Structure formats: C-alpha cells, structure tokens
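Structure first, commentary second.
Residue numbers (our numbering): 846 to 1424.
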C-alpha cells in the first residue's frame, strides 16, 4: 500500500483529467490527515492546488470535510444497535456517541444545527460542544473563514481598529533580534503598496508585531496605550475548539488572528491605566480561563509580547485576520458577565430559545425509563432484588427484554456495595448462562465500593469521576448506573457520622449523580423502606407477593413520563424473575 506522504506528493506534482480530479483530491486529503496534516494545512496547500486546477471553493470544501470526517469516524467506537423488533419507534434510537464532551455533562446539541461529519472534521470534542450548548452558540459560527481576497491588507485593517493613528508600533520578522518602529498612520495610509511591504516580510517563521503600542500619541494623558491588550491562545487545541472557548466565554476580543500554524491568537481587551491594574485584570482573565479548562502560557502576560502579524506568509501558510470585535464590548462588561454567568450554577433560560419542542431524552427501557431519570425497584426482603438489577444490566447491555419491556442497548455501570468481587462475577455468569448470553461483555462495567469509606456526596462525585474518565479514556458511554443496595451507602464509618434524614441524603446523592453524568440511576429497596425515595422517583416498579402463591408476585408500576403499568404477574424462578 502506498505511503500517505507519497500519495500527497503525487497529487501535488501530478496532473489529472477533470473527471479524476475530485476522487484524487479526496484520496490526497485522506492521506494528508493520516500523515498528520491539519485541516487548514490541507485546505491551503492541497485545496488551493485543486482550485487552481478548476474546482470551485464549495467543491473543495465539501470533499475535504468529507475526507477528514471519514478518517475521524474510523477511530470512533461503533455504537451497538438493537434489533429493530426489540424496541419500539419511541425507543429505537440508541445513544448517540458522545460528541466530542467535561465539567458538567449536558444533553447533546441538536444535530440539525450542523452536520455531524462537519463537527468531527472541525475537531470539536465533548468539552467544546458543552460550552456551546451552555451558552447557546451555534457550532456553525466556528467555521474558520478563508482569508479575504485582500488579506495582504489585514495588518492595516487590524491597526486601524486597535490603535490610534499617532501611536507607534513595533514589528519584525520572527527570529530576528531587532524590531522596526513605525507610526500607525504610515501603515494605514498605504494602499496598494502595502502588499509589497507585507510580501517583504514573508519568511519561514512569519512576522511578529507588539500587541500594545510602544509609544503613545501626542494627546496621551497616561500610559493606558501600554496596557490595552493581552494575547490569549492555546496551540494544543484545535482551531475550532479555541474559537469555541472564545465565543462561549464571551471574551472581549478586539481581533482574532490565524497564526498559520494551527492556532488562533485572540487580542483580548484589558483597557488598563497602569501596570498594577493590567496585572490584576490579566490575573482575573487567566484564572477564569483556567477554571474552564483553557490554559494560557504565563509568558503571554507580558504587555510587550510580540504576537503573530496578519498579512504575511509563514512557511508558505497565511497569517491572516479572522475577525474584528467579538464578545463583550470591554473588560469591565466581561467581568460582570463572568460574575453572573460562570458561577457554576444554572442560568435562566427562555421558552423563546427553542422554536420547537426538543428531542425527548433517550429511552432506555420501553415505557419505563429515560436517560437522566431515577428508577426505583421495590420488593419484599430477600426475594431477589439484587439479581433483578443485575438481570436489568445484562438486558441493557444486549438490548434484551426486562420484565416484558424492550430495552435500548447501552453501556451499564453497576455499583456494588454488598458482594465480594468473586461472588458478584459468579452471579453475573450464572444469570448470563441461564439467559444464553455471554457474560464477558465490555458493555457491563462494575465498581466495587464495599468497605470504601465515603460520604454519600463523595460517593456521587467518585461515580461521576469514573463515568467521565471512562468516556474520555476508555470510550465507554455509560447511560445507566445501577446502585445495589442503595442503603449500603451508609455502611461505613464516614457515612455513619453524617447527620440528617437518611432518605433525603440518599436522594441528594442520586440527584448529584444524575446532574454530573446525565445518566439514569437505578436502585432497589424493600417495599415501604424509603417512602421519600418512592415519592421522588421518576419511575417505580413494585413487586408485591400474591397471596397463596409460592414465589408469585404482582407487578405494579408508576412513571412520570409514561402511562401507568397495568398490574400483571411474575414468578421468581432462581436466578431471575419471569413474566
């Protein structure tokens, strides 16, 4: 098989007939991604050549997006799909693969906003999509625009928008010791000659400009011209993800610059009057960004930092102006927005934010349970509740029926508070063999917490941490968390010291797990053991003994989002209930 680099070189050097150009472009784009090229590199070099050979901008864009998203999908874990006959139309859609998530896990964005393959090609992950979801940013706004036809004039556009005409700026070719000082008016006043000037600054390492003026204007009454902007970027993130942060966090950006090396530099408005105020505001900015998962290099604090200058080539790639004026109008307005919006608590939402009813939550058990709900299974003591919950876990793993109801195939995490690992696995294998299912399935995860000293809140946080870690590191998207037995949460010294009403503490733990993970939580208890949990559960299934019947039970169910279950009978035939 030809190497990726060889395929790319063949496209760059070869000549193709018109009928073959599109297929060859697709092949070269896939090879470029395999060879480690970014989407923007491919667009500029391979895409640019395809345009010269006759393809339109739209044709090139579509082919490159398709090639990159195709490559991305090869690395995605395929979601198992249930048999069409096992799930009704209401429950048929399996969980969509988590898009590129954390922080708090939120519902997936409506895919009608932007095609899935385009999201993948843009490099958006779960975390950046959550930011967009939280602050209602359309991912379409993150498409990186092509350089303007007059992109060589980008420096003049930038200076006109960000400096006064009588101020002085410094610029230089990167990796050269000395900088050139020039009045802003001398650059902004140029017209066609600016193109020649900018071409003279093309170099393998590009050109740089000081982010703040190096000399104030004649009317300057203070030194605020020294402390107007700070540069924010994170080259370790994709272009789209950086833009997601800039937009979602409402940064007061004077300008956004494409560096020509897979990064975006934001000129953030600081507007300080002194070094002290500048340091104070930059500290607040960087700490706020860090709290949201966006790390900025400490060297960026320097008010005299040399940053990428638009309008030049950097090793053949364009450093250019993406946009001017984005986000909050100034630093003060942004700081007020942060204090209101980034406190980690829910924001006020308006009914007008949605033009139509949103897609319903994923149905996990037909007519019984949706994602994000609390399901309580109650029955008499020692009648097989733990086995029933384990049976439920197996049913969800394989999309098999449970108590006569179809399930949607999904990953399950079983929190074991009671059994040793050996006993737990032996029960699992016993149940699976009885049902003719393989017990060894990657869809069934378990977390042994027997004897682990944690408070209920710490238990919830640990479960959420494990779920998030499994999604990011192991590609497991747990949709259901089974806790058995829920009362055992108190069976350790640390939990026993907590004062409060037990059933309310348990409900707070369940609510915390749901809020942090978005999963459904399933638990079991004895009939009438925790009336408060029964009143708060979104879905409840109750088994009561049939008088005069040996191991015979009547099933009754009540559900917040589904019709009430008509009473029916079931039998306990070890090791499971049969309807």
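Positions of the beta carbon are idealized from the N, C-alpha and C atoms, including for glycine.
Predicted, not measured: the structure shown is a model, and the values here were computed from it.
Whose CA, out of the options, lies closest to the CA of residue i?
i	options	result
residue 1006	1057, 1270, 872 and 886	1057
residue 1075	910, 1122 and 1161	1122
residue 1124	1073, 1167, 1151 and 897	1073
residue 1169	1129, 887 and 1098	1098
residue 1256	1384, 1244, 1181 and 1424	1244
residue 1376	1352, 1365 and 1362	1352
residue 1379	1362, 1397, 1405 and 1359	1405
residue 1131	1162, 1119, 1145 and 1120	1145
residue 1400	1269, 1249 and 1289	1249
residue 1126	1363, 1147 and 1106	1147
residue 867	884, 1359, 878 and 902	902
residue 1417	1230, 1031, 1110 and 1117	1230
residue 1110	1081, 1116 and 1138	1081
residue 1181	1129, 1166, 993 and 1298	1129
residue 1332	1398, 1119, 1312 and 1300	1300
residue 1136	1011, 1172 and 1090	1090
residue 1309	1259, 1348, 877 and 1349	1259
residue 1187	1237, 1252, 1232 and 1094	1094
residue 1336	1347, 1326 and 884	1347
residue 1384	1280, 1356, 1214 and 1393	1214
residue 1102	1086, 1055 and 1165	1165
residue 804	1324, 1371 and 1343	Residue 804 cannot be examined here, being either before or after the span of the chain that is shown, 846 to 1424.
residue 989	1265, 1295, 1086 and 881	1086
residue 1395	1382, 1408, 1414 and 1381	1414
residue 1267	1142, 1373 and 1293	1293
residue 1247	1279, 1211 and 1265	1211
residue 1286	881, 864 and 1242	1242
Take the Cβ of residue i as the centre, count every other Cβ of all protein chains shown within 10 Å, and call the residue buried at 16 or more, exposed below.
i	result
residue 1224	buried
residue 852	buried
residue 1283	exposed
residue 848	exposed
residue 1318	exposed
residue 1226	exposed
residue 933	Residue confidence for residue 933 is low, a pLDDT of 37 falling below 50, so the modelled location carries little weight; the figure read from the coordinates is stated next. It counts as exposed.
residue 1410	buried
residue 1421	buried
residue 1114	buried
residue 924	Unreliable placement is indicated for residue 924, whose pLDDT of 39 sits below 50; the coordinate value is still reported in the next sentence. So residue 924 ends up on the exposed side.
residue 1238	buried
residue 1313	buried
residue 1322	buried
residue 1071	buried
residue 1397	exposed
residue 921	Note that residue 921 has pLDDT 35, beneath the 50 cutoff, so the model's placement of it is unreliable and no number is given.
residue 1039	buried
residue 859	exposed
residue 1177	exposed
residue 1361	buried
residue 994	exposed
Would you say the beta carbon of residue i comes nearer than 7 angstroms to a heavy atom of the ligand COA?
i	result
residue 1219	Only the bare structure without any ligand can be found here, which leaves the ligand COA out of the picture.
Considering only their Cβ atoms, is the gap separating residue j from residue i smaller than 8 angstroms?
i	j	result
residue 1329	residue 1263	yes
residue 1386	residue 1222	yes
residue 832	residue 1133	Since the first and last residues shown for the chain are 846 and 1424, residue 832 lies out of range.
residue 1209	residue 1369	no
residue 874	residue 909	yes
residue 1084	residue 1153	no
residue 1108	residue 1078	yes
residue 992	residue 1163	yes
residue 1366	residue 1219	yes
residue 1261	residue 1289	no
residue 1031	residue 1116	no
residue 1069	residue 1015	no
residue 1019	residue 1051	yes
residue 1217	residue 1363	yes
residue 1354	residue 1327	no
residue 912	residue 905	no
residue 1389	residue 1372	yes
Inset, instruction - Kindly provide the ranges of any beta strand (DSSP E) runs that are 3 or more residues long and lie completely inside the stretch 1221 to 1295, ordered along the chain. - result: 1256 to 1261 and 1289 to 1293
Legend entry - At least three beta-carbon pairs within less than 8 angstroms, the stretch 992 to 1001 to the stretch 1152 to 1160: yes
Inset, instruction - Please list the segments of the beta strand (DSSP E) lying wholly inside the stretch 1319 to 1385, counting only runs of 3 or more residues, in order along the chain. - result: 1323 to 1329 and 1365 to 1371
Legend entry - Cβ contact (3+ pairs, closer than 8 angstroms) linking the stretch 1263 to 1280 and the stretch 1301 to 1309: With contact defined as three or more Cβ pairs closer than 8 angstroms, the stretch 1263 to 1280 and the stretch 1301 to 1309 are not in contact.
Inset, instruction - Ignoring anything shorter than 4 residues or poking outside the stretch 858 to 901, list the alpha helix (DSSP H) runs there in chain order. - result: 863 to 879, 884 to 887 and 893 to 897
Inset, instruction - Tell me, please, whether the stretch 853 to 860 touches the stretch 879 to 891 by the rule of three or more beta-carbon pairs shorter than 8 angstroms. - result: yes
Legend entry - Segments assigned alpha helix (DSSP H), at least 4 residues, entirely inside the stretch 1053 to 1113: Whole alpha helix (DSSP H) segments, 4+ residues: 1084 to 1093.
Inset, instruction - With a floor of 4 residues, list each alpha helix (DSSP H) that falls wholly inside the stretch 1152 to 1220, ordered by position along the chain. - result: 1176 to 1186
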